[in-house]
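Student:
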Amino acid sequence: MAICLIRYNRKYLPAIVTLFNSTIQRVNRKDYSQAELNEWIQSNPDFDLWHETLTSSYCLLAMANSIINPNRN
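Position in the sequence shown counted from 1, then plus 1265, gives you the numbering used here.
#1: Do you know offhand how far asparagine 1338's Cα is from threonine 1288's?
#2: How big is the Cα-Cα spacing for serine 1331 and alanine 1280?
#3: Just to confirm before moving on: does the CB-CB distance between leucine 1319 and leucine 1270 stay below 9 Å?
#4: I need the straight-line Cα distance from isoleucine 1306 to cysteine 1324, nearest angstrom please.
#5: If you compare alpha carbons, which of Asn1286, Asn1274, Arg1275 is closest to asparagine 1309?
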């Protein structure tokens, strides 16, 4: 699997939010109730706010075979 780092680009924002939400579900489910996780997960994310946050700092994305989240399932 080839991994490369690229600068943040808005075209990847939906994949970034999906990865964020799935990470919350997978990593935190042993420590938080489903109700707490549901509060944390962004079902209707503010993409403009995400974009503003990610462009206000030096943000790199790790791409595996040109995919941000190769473990989607």
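Every residue gets a Cβ at the ideal spot worked out from N, C-alpha and C, and that includes glycine.
As the structure is a prediction and not an experimental result, all values here were calculated from the model.
Tutor: Working from what's here:
#1: Any reading at asparagine 1338 needs caution, since the residue's pLDDT is 46, under 50, leaving its predicted position unreliable; the model's value is listed next. About 12 Å.
#2: 12 Å
#3: no
#4: 21 Å
#5: Asn1286
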